[in-house]
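Count along the sequence shown starting at 1, add 9, and that's the number in this note's numbering.
Quick notes on the structure that follows.
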Amino acid sequence: MTYDIAAFESADTDDDGWDAWYGDQHDYFDAHPDADVSVVSPRLQAFYRELALTVTPADRPEDGDTSEEFDQLLSDDPMQAIFTFSPRIVYGEHSHGQERSAIDLWLSLAQRHGLAVALIGECDLPIHRF
């Protein structure tokens, strides 16, 4: 299981439009699975560069399953995440064992860069806007 977090420009969507907007981002992910950070806005690129100083980008497991194989990766480096990019969002999949550290880091960096963060792994999807 993973704990998912997304960073984006706050003006891109409001809370009511989140579901449709987020669905559009997933359509991009599906069409461009190998997109890298160069496709996102300069502010999101700066956010990701700082994030990657602490979080090691991990490759998506071959079978697409992010549970068992991902857990194995974390035994070597506990602060890894699988990142996905679209022009409007940086999306990260963290291990549930690192969710508190990941949340704190993403929120701190989002505040520094004036971005919004959606805690997709929560029951009530909180969106924090800075």
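Glycine is no exception: its CB is placed at the ideal position from the N, C-alpha and C atoms.
- In this structure, H41 is the residue among D33, D23, A29 and H41 with its C-alpha nearest to the C-alpha of F92.
- The C-beta of S95 has 16 or more other C-beta atoms within 10 Å across all chains shown, which makes the residue buried.
- Rounded to whole angstroms, A111 and H103 show a C-alpha spacing of 7 Å.
- The segment 44–56 makes contact with the segment 112–124; the number of CB pairs closer than 8 Å reaches 3 or more.
- The Cβ atoms of L118 and L60 sit closer than 8 Å to each other.
- In chain order, A15 and T93 place their CB closer than 6 Å to the CB of Y100, counting only its own chain and leaving out the 5 sequence neighbours on each side.
- For V46, the three-state secondary structure derived from DSSP is helix.
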